[in-house]
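Numbering of the sequence shown is given in this note's numbering, commencing with residue 1 and proceeding in unit increments.
Heads up, the beta-carbon is just placed ideally off N, CA and C, and yes, glycines get one too.
Okay, structure first, notes after.
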Amino acid sequence: MSHESQFCHERGLPFLEAQSLTKTYRVGGSTVHALRDVDFTAAQGDFVVINGPSGSGKTTFLNLISAIDRPTEGDVLIEGASTAALSERQLAQLRKDKIGLIFQTFNLIPVLTAAENAEYPLLLQKLSRAERSDRVQSILAEVGLEDLARRRPNELSGGQRQRIAIARALITQPKLVLADEPTANLDSETGAQVMALMRTLNEEHCVVFIVVTHDPAVAGYARRRIRIHDGHLMEGGTDDLVDSAPKSPS
Ligand SMILES: Nc1ncnc2c1ncn2[C@@H]1O[C@H](COP(=O)(O)OP(=O)(O)O)[C@@H](O)[C@H]1O
Ligand SMILES: [Mg+2]
């Protein structure tokens with residue numbers, strides 16, 4: 001199960017393309033330029049880490065490429081198809097079918113168990129109870145939580161909560177997973193374990209991962225590194241070594 005080429009024969013084909021993305025917000029009487037004319041392409045199997053300081057436009061960028069928000073100018077193409085002309089309903093469908101999200105604060109539902117949180121997105125799909133249960137078991141095993149399936153989030157550590165959130169993001173078998181500061185609420189060792197898990201899942205599932213973070217240590221897990229500063233994106237090099245030294249944040 002671990003050799004990536006078996007599972008990712010589409011590796012390298014373009015999956016997502018951002019064209020001249022610009023986002024401006026009007027705040028009071030002034031204009032905030034959150035993103036300025038950003039071009040970006042992610043290929044099948046990519047694991048991209050986008051590093052940048054607070055306020056540089058990271059969350060704005062993720063919201064645009066996941067079609068949660070619309071750009072002021074520019075377009076996002078997913079598998080070659082423009083999203084600009086899609087209705088809200090079509091965008092919601094696209095997100096449900098193709099995109100998984102991971103957040104800084106995990107965003108789990110407190111009254112549900114680990115297994116129920118992971119299963120939650122499947123309730124929107126036409127799957128039998130048995131199929132859902134198979135998927136839950138298999139994804140919880142992949143994130144190393146099969147023994148904790150019946151615990152609620154407040155009975156789990158931060159790292160375990162983020163593992164559930166990762167399971168929930170992957171359970172619909174999306175083609176793209178976006179993570180916004182996934183390690184920001186974890187200590188550095190737990191953060192490293194969570195990043196290593198995402199990298200393993202990227203290799204085994206051929207899912208595109210795009211991780212945005214202000215933490216320079218996270219860049220060590222990238223196949224591809226990008227810097228974002230003041231709404232501009234800059235390519236920061238490619239590296240296939242998981243444990244290579246992170247680039248200085250300067
Ligand atoms: N909804 C909004 N309304 C007004 N300004 C916003 C909004 N969202 C973000 N911004 C501004 O856009 C810039 C980029 O924000 P953001 O994408 O959240 O940065 P990051 O995630 O890198 O911290 C910041 O100056 C922020 O204040
Ligand atoms: Mg942010």
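Burial check for Arg223: the Cβ neighbour count within 10 Å reaches 16 or more, so the residue is buried. Counting only runs that start and end inside the segment 73–117, the beta strand (DSSP E) elements of at least 3 residues fall at 73–78 and 99–102. Spatial neighbours of Gln19 in its own chain (CB-CB distance under 8 angstroms, excluding positions within 5 residues in sequence) are listed in chain order as Asp39, Gly74, Asp75, Val76 and Leu77.
Around ligand 1, the residues whose beta-carbon falls short of 6 angstroms from at least one of its heavy atoms are Tyr25, Val27, Val32, Ala34, Gly52, Ser54, Gly55, Ser56, Gly57, Lys58, Thr59 and Thr60, given in chain order. Taking all protein chains in view, the Cβ of Ser66 is crowded by 16 or more other Cβ atoms within 10 Å, so the residue is classified as buried. Looking at the backbone, the Cα of Ala84 and that of Leu148 are separated by about 42 angstroms.
Where Glu181 is concerned, there is no enclosing beta strand (DSSP E), because DSSP gives it neither an H nor an E. In this structure the segment 92–101 does not touch the segment 47–61; the number of beta carbon pairs closer than 8 angstroms is below three. Under the three-state reduction of DSSP output, Thr172 falls in the coil class, being neither helix nor strand. Counted as a single uninterrupted DSSP element, the stretch harbouring Arg11 is not any alpha helix (DSSP H), since DSSP gives it neither H nor E.
Closer than 7 angstroms to some heavy atom of ligand 2: that describes the Cβ of Asp180. For the pair Arg225 and Gly80, the Cα-to-Cα distance works out to about 23 angstroms. For Gly158, the CB contacts under 7 angstroms within the same chain, skipping 5 residues up- and downstream, are Asn185, Leu186 and Thr190 in chain order. Within the same chain, Cβ atoms closer than 7 angstroms to the Cβ of Met195 are found at Thr183, Val218 and Tyr221, the five residues on either side in sequence being excluded.
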